[in-house]
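K.L.:
In order, the protein sequences belong to chains A and B. Quick note: the first sequence, position 131, residue 131 per our numbering, numbers continuous. Take the position in the second sequence, starting the count at 1, then add 1000; the result is the number in our numbering.
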Amino acid sequence: MKEIVVISGKGGTGKTSVTASLALLAGRDAVVADCDVDAADLHLLLAPDPDVEHPFAGGTLAVVDTQACSGCGACEQACRFEAIVVENGVAVVDDVDCEGCGYCARVCPEDAIVDERQTVGYWQNTSCRTGGAMVHARLGIGADNSGKLVAKVKAVAREEARARNTALVLVDGAPGVGCPVVSSLSGADLVLLVTEPSVAGLHDLQRVYQLVASFKLPAACILNKADLHEGLRDQVLEFLTAEGIPLLAELPYTTAVPAALAAGKTMLEWDISLAARLRAAWQGVAEQLQQSGRTP
Amino acid sequence: MRIAVASGKGGTGKTTVSTCLAALLAPEHPVALVDLDVEEPNTQLFMDGELLHREVVHKHVPMWRADQCAHCGQCQQVCNFGAVLSLPDEVMVFAELCHGCYACSELCPHGALPMEPQPMGVLRHAVDGELALIESRLEVGQEQAVPLIKHTLDYVDARVPAETITILDAPPGTSCPVIAATRHADLVVLVTEPTPFGLHDLSLAVETMRLLGREMLVVVNRHGLGDDAVEEYCRREGLLVAARIPHSREVAHHYAQGHLPLAVPEFREALGALAEVLAGRSS
Chain A
1 MKEIVVISGK
11 GGTGKTSVTA
21 SLALLAGRDA
31 VVADCDVDAA
41 DLHLLLAPDP
51 DVEHPFAGGT
61 LAVVDTQACS
71 GCGACEQACR
81 FEAIVVENGV
91 AVVDDVDCEG
101 CGYCARVCPE
111 DAIVDERQTV
121 GYWQNTSCRT
131 GGAMVHARLG
141 IGADNSGKLV
151 AKVKAVAREE
161 ARARNTALVL
171 VDGAPGVGCP
181 VVSSLSGADL
191 VLLVTEPSVA
201 GLHDLQRVYQ
211 LVASFKLPAA
221 CILNKADLHE
231 GLRDQVLEFL
241 TAEGIPLLAE
251 LPYTTAVPAA
261 LAAGKTMLEW
271 DISLAARLRA
281 AWQGVAEQLQ
291 QSGRTP
Chain B
1001 MRIAVASGKG
1011 GTGKTTVSTC
1021 LAALLAPEHP
1031 VALVDLDVEE
1041 PNTQLFMDGE
1051 LLHREVVHKH
1061 VPMWRADQCA
1071 HCGQCQQVCN
1081 FGAVLSLPDE
1091 VMVFAELCHG
1101 CYACSELCPH
1111 GALPMEPQPM
1121 GVLRHAVDGE
1131 LALIESRLEV
1141 GQEQAVPLIK
1151 HTLDYVDARV
1161 PAETITILDA
1171 PPGTSCPVIA
1181 ATRHADLVVL
1191 VTEPTPFGLH
1201 DLSLAVETMR
1211 LLGREMLVVV
1221 NRHGLGDDAV
1231 EEYCRREGLL
1241 VAARIPHSRE
1251 VAHHYAQGHL
1261 PLAVPEFREA
1271 LGALAEVLAG
1281 RSS
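#1: Compare the C-beta of Phe1197 of chain B with all C-beta atoms of chain A and state if any pair is closer than 7 Å.
#2: So what's Thr295 of chain A in DSSP terms, helix, strand or just coil?
#3: Residues of chain B with CB under 7 Å from Gln77 of chain A, in chain order?
#4: Quick one: does Ile1134 of chain B have its CB under 7 Å from some CB of chain A?
#5: Nearest chain B C-beta to Thr295 of chain A closer than 7 Å, yes or no?
#6: Taking all protein chains shown into account, decide if Val1056 of chain B is buried (16 or more other Cβ within 10 angstroms of its Cβ) or exposed.
#7: Could you tell me which chain B residues have their CB closer than 8 Å to the CB of His229 of chain A, listed as they occur along the chain?
#8: Contact check, Gly1121 of chain B vs Leu1138 of chain B under 8 Å by CB: the rounded distance?
#9: Can you confirm whether Gly142 of chain A, when its beta carbon is compared against all beta carbons of chain B, has any partner nearer than 7 Å?
#10: Considering only the beta carbon of each residue, do Val1219 of chain B and Val1191 of chain B sit closer than 7 Å?
#11: Roughly how many angstroms lie between the CA atoms of Glu196 of chain A and Phe239 of chain A, to the nearest whole one?
#12: Check the Cβ-Cβ distances between Asn1080 of chain B and every residue of chain A, and say whether any is below 7 Å.
#13: Tell me which residues of the segment 1006 to 1030 of chain B have at least one Cβ-Cβ distance to chain A shorter than 9 Å, keeping chain order.
#14: Whose C-beta lies closer than 7 Å to the C-beta of Ala105 of chain A among residues of the same chain, with five residues either side of it excluded?
#15: Less than 7 Å between C-beta atoms, sequence neighbours within five positions excluded: which residues of the same chain meet that for Thr60 of chain A?
#16: So, with DSSP's three-state summary, where would you put Lys148 of chain A?
#17: Could you list the residues in the segment 1161 to 1176 of chain B with a C-beta less than 9 Å from some C-beta on chain A, going in chain order?
#18: To the nearest angstrom, how far is the alpha carbon of Leu1212 of chain B from that of Leu1087 of chain B?
#19: Give me the residue from B:Ala1252, B:Arg1249, B:Ala1132, B:Leu1199 with the minimum Cα distance to Gly1226 of chain B.
#20: Tell me where the beta strand (DSSP E) around Val5 of chain A begins and ends.
#21: Name the chain B residues whose beta carbon is nearer than 8 Å to that of His203 of chain A?
#22: Is the shortest distance between the beta-carbon of Thr1208 of chain B and the beta-carbons of chain A less than 7 Å?
#23: Please work out which residues of its chain come closer than 6 Å, Cβ to Cβ, to Glu1116 of chain B, disregarding the five sequence neighbours upstream and downstream, and give them in chain order.
#24: Kindly identify the DSSP beta-bridge partner or partners of Ser1203 of chain B.
#25: Measuring CA to CA, which of B:Ala1185, B:Gly1173, B:Leu1021, B:Glu1250 is closest to Val1156 of chain B?
#26: Go ahead and pull the three-state DSSP assignment for Val92 of chain A.
#27: Can you grab the Cα-Cα spacing for the pair Glu1286 of chain B / Met1209 of chain B, in whole Å?
#28: Would you identify the three-state DSSP class for Lys10 of chain A, choosing helix, strand or coil?
#29: Report yes if the C-beta distance between Glu1193 of chain B and Asn1221 of chain B is below 7 Å; otherwise report no.
#30: In the segment 1159 to 1229 of chain B, which residue ranges form an unbroken beta strand (DSSP E) of at least 3 residues, counting only runs that do not cross its ends?
#31: Nearest-angstrom Cα distance between Ala226 of chain A and Lys15 of chain A?
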């Protein structure tokens, strides 16, 4: 089993639209995992069957037993996040600021604080219209720990791929360079970078590639909206050449993409010329996986 | 007045809106543009000024002192984040997992885990006339954006006068970094696009802002593409659509090369109207 992780650094480069198209090309050969749990959108294109939502317990939250609290303020002293204060003789927790470190509970002389585990999100493992399985999740509103939920989604997807004897896991990653991205990259056999020819696209690609390179992961690129700006396209290509990152496809800047999206379709299904380029890219992915020679 | 520009979905035009608002408001008002998308900060690709201040921002993490340690294992027990591992003859600290709560350090009976500063990013403060440009940039490899966002907001509290119109360019998504960036804003401008992705992520962002009790305005970017579902959603939820920015390849082209697309008349008109609404609110 091999794992392909699609990321972009910058949001809005077409990462999810590309992932959905590749998922359809892979069909039953891939288990799809939506690891952009903060703003998961892949289900809008791949129409997973409804399934039970499994709760996911992430971090903890301080909960005060107001009867037992003496209002001594030891908790307030200990908290580095200004999340617990004594008001009218009783400790009060701000749930949004509470980091879930549990320090307050440990220093409370009355044992009046419980460090309570919270459900931070829900995940589902179900069939989708690719013919294969899809694992996706939604993070609770305002919840912390998206990195842990990402790790859970990936673990479930790998398990499902083993159970189905599926060759691939295809992961839609998160934007940025922080914990959800780091978490989506772990164990990748190939990182697929979806970018666009803009100063912001290039800047964010360079930052996220720094992260990919630090984990020594093989990468390849799809340049979306390639004809948006010739000069920036050249700069992106220069960067790819300098880093030895193969370019698998260039996709044009076209209103066919939002039009397809509005119809709940992928660009693969909407436009013949886009479809041809995506097929070539998918062929390129297969070749890269062979060359990378990493065994599961 | 603090105005956060947020989006749920990435790439909807959040940075375009915040930079252009700053440029439109700055001639007549004191304005600060603060880039809180610390994982991928982009505002200073579009606007720059004379550097006023630059600092390396540190977070505090425990450093193990072998000579003080009695190997009691207390540190591992009190860490909720799995950042401290107490082995038979060594304590390992995983700084990237550390939330800086100080529990292991202060509860260590032997003082063997003093907190020491570790660089997590860089804050830059530049000025262009009356416009302050503040950006924080997370070091690649650091996983937690929230401490850097909080530090940047503390810096803004200390250095930016209260009467300034402060525009906060928030990170995408709905989780902890967005909450840190928006939770004390007087007004949140949610930038979206008229597609199913835009709608879905807008609805998540709206729920998040309601949880935080923030007042909201919606900006529909790339208006004319996609469908009407975003507009219908806003009507249903009683959300004011304060601007509709027409879809334009010319705007995208300006943006691609790092120019503010204010020379495009229909773009300038839409953003100008939004700037007036915001200036009205702040006075």
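Ideal Cβ placement from N, Cα and C applies to all residues, glycine included.
P.N.:
Straight from the coordinates:
#1: Closer than 7 Å to some Cβ of chain A, the Cβ of Phe1197 of chain B qualifies, so yes.
#2: The predicted model places Thr295 of chain A with a pLDDT of 40, which falls under 50 and marks its position as unreliable; any figure quoted below should be read in that light. Of the three classes helix, strand and coil, the one that applies to Thr295 of chain A here is coil, per DSSP.
#3: Simply none; closest approach about 10 Å.
#4: Ile1134 of chain B does not count as touching chain A.
#5: With a pLDDT of 40 at Thr295 of chain A, under the threshold of 50, the modelled position of that residue is not reliable, and the figure given next carries that caveat. It does not; no Cβ of chain B falls within 7 Å.
#6: Around the CB of Val1056 of chain B, fewer than 16 other CB atoms lie within 10 Å, so the residue is classed as exposed.
#7: Neighbours of His229 of chain A in chain B, taken as residues whose beta carbon is under 8 Å from its own, are His1253, Ala1256, Gln1257 in chain order.
#8: Yes, Gly1121 of chain B and Leu1138 of chain B are in contact; Cβ-Cβ is about 5 Å, under 8 Å.
#9: Cβ-Cβ to chain B under 7 Å: yes for Gly142 of chain A.
#10: Pairing Val1219 of chain B with Val1191 of chain B gives a Cβ-Cβ distance under 7 Å.
#11: The alpha-carbon atoms of Glu196 of chain A and Phe239 of chain A are separated by roughly 13 Å.
#12: Residue-level contact check: Asn1080 of chain B touches chain A, since one or more beta carbons of chain A fall below 7 Å from its beta carbon.
#13: Going along the segment 1006 to 1030 of chain B in chain order, one finds Ser1007, Gly1008, Lys1009, Gly1010, Gly1011, Thr1012, Gly1013, Lys1014, Thr1015 with a Cβ nearer than 9 Å to chain A.
#14: Listed in chain order, the non-local C-beta contacts of Ala105 of chain A below 7 Å within the same chain comprise Ala62, Ile113, Val114, Asp115, local neighbours out to five positions each way being set aside.
#15: Same-chain partners within the cutoff: Gly100, Gly102, Asp115, Glu116, Arg117, Gln118.
#16: Per DSSP, reduced to three states, the secondary structure at Lys148 of chain A is helical.
#17: Against chain A - using a Cβ distance shorter than 9 Å - the residues of the segment 1161 to 1176 of chain B are Pro1171, Pro1172, Gly1173, Thr1174, Ser1175, Cys1176.
#18: If you draw a straight line from the Cα of Leu1212 of chain B to the Cα of Leu1087 of chain B, it comes to about 42 Å.
#19: Nearest Cα to Gly1226 of chain B within the set B:Ala1252, B:Arg1249, B:Ala1132, B:Leu1199: B:Leu1199.
#20: For Val5 of chain A, the uninterrupted beta strand (DSSP E) run begins and ends at 2 to 7, by DSSP.
#21: Within chain B, the residues placing a beta-carbon under 8 Å from that of His203 of chain A are Glu1040, Asn1042, Leu1045, ordered along the chain.
#22: With its beta carbon less than 7 Å from one in chain A, Thr1208 of chain B belongs to the interface.
#23: Within the same chain, Glu1116 of chain B has close Cβ partners Met1063.
#24: None, per the DSSP bridge assignment.
#25: Per the Cα distances, B:Ala1185.
#26: Strand.
#27: This structure gives no information on residue 1286 of chain B, because the portion of chain B shown stretches from 1001 to 1283.
#28: Coil at Lys10 of chain A, not helix or strand.
#29: In contact: Glu1193 of chain B and Asn1221 of chain B (Cβ atoms closer than 7 Å).
#30: The qualifying runs are 1165 to 1169, 1187 to 1192, 1216 to 1223.
#31: So the alpha carbons of these two residues sit roughly 14 Å apart.
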